[in-house]
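> Got a structure here, written out as structure tokens. Questions coming.
Protein chains: 2
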Amino acid sequence: LIELRDIEKIYKVGTIEVPALRGITMLVRPNEYLAIMGPSGSGKSTLMNLIGCLDTPTKGTYTLAGEDVSRLSDNRLAEIRNRRIGFVFQTFNLLPRANALHNVELPLVYAGKPIGIRRQKAREALAAVGLADRTHHRPNELSGGQRQRVAIARALINNPSLILADEPTGNLDSVTGEEIMAVLDEIHRQGNTIILVTHEEYIARKAKRIVRLLDGLIEKDDYVS
Amino acid sequence: LIELRDIEKIYKVGTIEVPALRGITMLVRPNEYLAIMGPSGSGKSTLMNLIGCLDTPTKGTYTLAGEDVSRLSDNRLAEIRNRRIGFVFQTFNLLPRANALHNVELPLVYAGKPIGIRRQKAREALAAVGLADRTHHRPNELSGGQRQRVAIARALINNPSLILADEPTGNLDSVTGEEIMAVLDEIHRQGNTIILVTHEEYIARKAKRIVRLLDGLIEKDDYVS
Ligand SMILES: Nc1ncnc2c1ncn2[C@@H]1O[C@H](COP(=O)(O)OP(=O)(O)OP(=O)(O)O)[C@@H](O)[C@H]1O
Ligand SMILES: Nc1ncnc2c1ncn2[C@@H]1O[C@H](COP(=O)(O)OP(=O)(O)OP(=O)(O)O)[C@@H](O)[C@H]1O
Ligand SMILES: [Mg+2]
Ligand SMILES: [Mg+2]
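Written out as structure tokens, the structure is:
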């Protein structure tokens, strides 16, 4: 499904070069459940952005479901991002002026779904993350963990086959975190692929494989029993 | 130092009332080290905002160092917020167009400190959280955990006597999290008061007392041995 070869990402800050990824090679098969760990600043979110086609590598190749991503048209990339991939951002990235329901239904708006269906699905998605009674709150009227759950519901609403979740339980107490992990577990059981970034060991243990980054490189890549 | 009596906070969303805090009574003495825990949405950030004078209660009284906060002038409140309290927000609240150095020096700008001193102190504060080589990055050029650490450095720069930290390690791996907790430990050792919200038990264990919220009320309030 996902094939990264010698991937590098170098950011520029003024005249300074920041090598965020310094040569990543990894393979992810369909229906894998993978956790990415590593110190703050080691390149986890950068790697997720590349996998999710939100950014392009400075060097190396990325093959997604057999297609070289760097050769894809903008339309094809947009279609992959909107329909095939669900992304939970580390900083949520919700629309501040839209309420929870509208934020969650947004991917369905882009997919051209009619309003009745989108509203229904958005309500169900919010109920699945425990926010049935917060549909009309805007992000600044929600707690940190509630915003995180809206971001999760939005990522899942299009039934994507690849879920990229960047610290999805970072703002959640352990009970609510477990509920979210149960949702992801079910999505995995249905045949989809899950890649999540976490700094919490007990969350990483739920995955089948743990990739550890250190300073822009893969330090370890092990299947857990 | 802090005396809350029958504190209630009711938000309005359209015509609906959301009772975020439903009667909180608690006392915090100088030099205490307190952790607040509880499920997502239970009222932790709301309580922190009230304690930090960033918001006012709907009912109840808040006495800070002997003064009834509701009777203080705006100038006095601003002075308390800028000089006596250091606040680490759950969503960091950094200025997006300013780099890390400038974000961290901001409280010193408000305190009227000259530029040489503020730049020096801001550099030291960033070095203390491991970001000496990121001073000129803006927030969108920083990782999630690096933004969190800039927010922490900014909260500490004025040497406040009351630190309010809302999930200060939520985006940090355990090693970096331990470094931050060591910084807070030292600040506590110097006689200051620390109140932190966390959903991680191993972080809460570093405090001397744990207050657990549930649905806007205090469920438990225990000193840990
Ligand atoms: N400005 C607001 N308007 C309306 N409701 C609000 C507002 N801010 C918070 N709430 C509601 O008040 C309740 C408490 O919010 P608060 O942010 O204090 O929770 P929290 O304990 O910090 O949660 P978390 O662990 O998810 O950060 C939540 O149910 C939230 O939806
Ligand atoms: N847009 C950018 N411009 C410049 N440098 C950047 C940019 N984005 C990230 N960086 C740098 O690249 C490195 C990797 O960042 P990344 O966000 O991938 O880290 P991370 O592993 O997700 O960290 P965290 O656990 O703190 O979220 C960091 O040192 C960061 O400062
Ligand atoms: Mg990150
Ligand atoms: Mg909160």
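Residue numbers (the numbering used here), protein chains in the order written: chain S, 1 to 225; chain D, 1001 to 1225.
For glycine and all other residues, C-beta sits at the position ideal for the given N, C-alpha and C.
Model, not experiment: these values are computed from the prediction.
(1) Please determine if the segment 164-174 of chain S and the segment 5-23 of chain S are in contact, where contact requires at least 3 C-beta pairs separated by less than 8 angstroms.
(2) Run down chain S in chain order and give the residues with a C-beta less than 7 angstroms from the C-beta of leucine 1172 of chain D.
(3) Once you ignore the five residues that flank lysine 206 of chain S on each side, which residues in its own chain have a CB closer than 6 angstroms to its CB?
(4) Can you find at least 3 beta carbon pairs, one from the segment 23-42 of chain S and one from the segment 80-97 of chain S, that sit closer than 8 angstroms?
(5) Does the beta-carbon of histidine 1136 of chain D have 16 or more other beta-carbons within 10 angstroms, so that it is buried, or is it exposed?
(6) Is the beta carbon of leucine 1021 of chain D sitting closer than 9 angstroms to the one on threonine 1056 of chain D?
(7) Considering only heavy atoms of ligand 4, does any lie closer than 8 angstroms to the CB of lysine 1121 of chain D?
(8) With the cut-off set at 9 angstroms, would you say alanine 1122 of chain D and leucine 1095 of chain D are in Cβ contact?
(9) Measuring only between beta-carbons, confirm whether glutamate 1017 of chain D sits less than 9 angstroms from chain S.
(10) Check whether the segment 1136-1149 of chain D and the segment 1112-1119 of chain D are in contact - that is, three or more C-beta pairs closer than 8 angstroms.
(11) So tyrosine 33 of chain S contacts chain D; which residues on that side make the cut at Cβ distance below 7 angstroms?
(12) Is asparagine 99 of chain S near ligand 1, with its Cβ less than 8 angstroms from a heavy atom?
(13) Tell me the DSSP secondary structure of glutamate 167 of chain S in three-state form.
(14) At 7 angstroms on the CB atoms, spell out the chain D contacts of histidine 137 of chain S, in chain order.
(15) When you compare the CB of aspartate 55 of chain S with every CB in chain D, is at least one pair closer than 9 angstroms?
(16) Can you tell me which of the three DSSP states arginine 5 of chain S falls into?
(17) Alpha carbon to alpha carbon, how far is leucine 162 of chain S from tyrosine 62 of chain S?
(18) In whole angstroms, what separates the C-alpha of leucine 1029 of chain D from that of glutamine 1190 of chain D?
(19) Let me check one thing: in DSSP terms, what residues is valine 211 of chain S bridge-paired to?
(20) Please tell me whether lysine 1044 of chain D has its Cβ less than 9 angstroms away from any Cβ of chain S.
(21) May I ask you to report which of helix, strand or coil DSSP gives arginine 1147 of chain D?
(22) Run through DSSP, which three-state label would aspartate 1074 of chain D get?
(23) When you measure from the CB of lysine 59 of chain S to every non-hydrogen atom of ligand 3, does any distance come out below 8 angstroms?
(24) Could you name the residues of chain S that threonine 1061 of chain D contacts, counting a contact when the two beta carbons are closer than 9 angstroms?
(25) Distance, Cα to Cα, glutamate 186 of chain S vs asparagine 75 of chain S?
(26) Is the Cβ-Cβ distance between leucine 1108 of chain D and alanine 1098 of chain D less than 9 angstroms?
(27) Measure the alpha-carbon distance for alanine 1125 of chain D versus serine 225 of chain S and round it to whole angstroms.
(28) Compare the C-beta of arginine 149 of chain S against all C-beta atoms of chain D and say whether one is closer than 9 angstroms.
(29) Using the three-state DSSP reduction, which class does proline 1139 of chain D fall into: helix, strand or coil?
(30) Quick one: grab the DSSP three-state call for leucine 54 of chain S.
(31) Which chain S residues are close to valine 1211 of chain D, counting only those with a beta carbon under 8 angstroms from its beta carbon?
(32) Taking isoleucine 51 of chain S as the reference, which of S:Val69, S:Ser40, S:Gly38, S:Gly41 has the closest Cα?
(33) Can glycine 144 of chain S be considered in contact with ligand 6, in the sense that its beta carbon sits closer than 8 angstroms to one or more heavy atoms?
(34) Would you please verify whether the beta carbon of aspartate 1166 of chain D is less than 9 angstroms from any beta carbon of chain S?
(35) Excluding five sequence neighbours on each side, which residues of the same chain lie with their C-beta closer than 7 angstroms to the C-beta of valine 104 of chain S?
(36) Is the Cβ of serine 1225 of chain D closer than 9 angstroms to any Cβ of chain S?
Result, derived from the coordinates:
(1) no
(2) Ser40, His199
(3) Met181
(4) no
(5) exposed
(6) Cβ distance not < 9 angstroms, so leucine 1021 of chain D and threonine 1056 of chain D don't count as in contact.
(7) no
(8) no
(9) No, because no Cβ of chain S sits closer than 9 angstroms to the Cβ of glutamate 1017 of chain D.
(10) In this structure the segment 1136-1149 of chain D does not touch the segment 1112-1119 of chain D; the number of beta carbon pairs closer than 8 angstroms is below three.
(11) Correct list: empty, because the minimum Cβ distance to chain D is about 20 angstroms.
(12) no
(13) coil
(14) Val1013
(15) no
(16) strand
(17) 15 angstroms
(18) According to the sequence provided, residue 1029 of chain D is arginine. The question's leucine does not apply to it. If I take the Cα positions, the gap works out to 15 angstroms.
(19) DSSP output for valine 211 of chain S lists S:Ile36, S:Asp221 as bridge partner(s).
(20) So, interface residue.
(21) helix
(22) helix
(23) Not under cutoff, so the answer is no.
(24) Residues of chain S passing the Cβ test: none, with the nearest at roughly 24 angstroms.
(25) 31 angstroms
(26) no
(27) 43 angstroms
(28) yes
(29) helix
(30) Coil.
(31) Going along chain S, no residue has its Cβ under 8 angstroms from valine 1211 of chain D, so there is no contact; the nearest lies around 14 angstroms.
(32) S:Val69
(33) In the structure shown, ligand 6 is absent; the only ligands present are ligand 1, ligand 2, ligand 3 and ligand 4.
(34) yes
(35) Ala122, Ala125, Leu126, Val150, Ala153, Arg154, Ile157
(36) no
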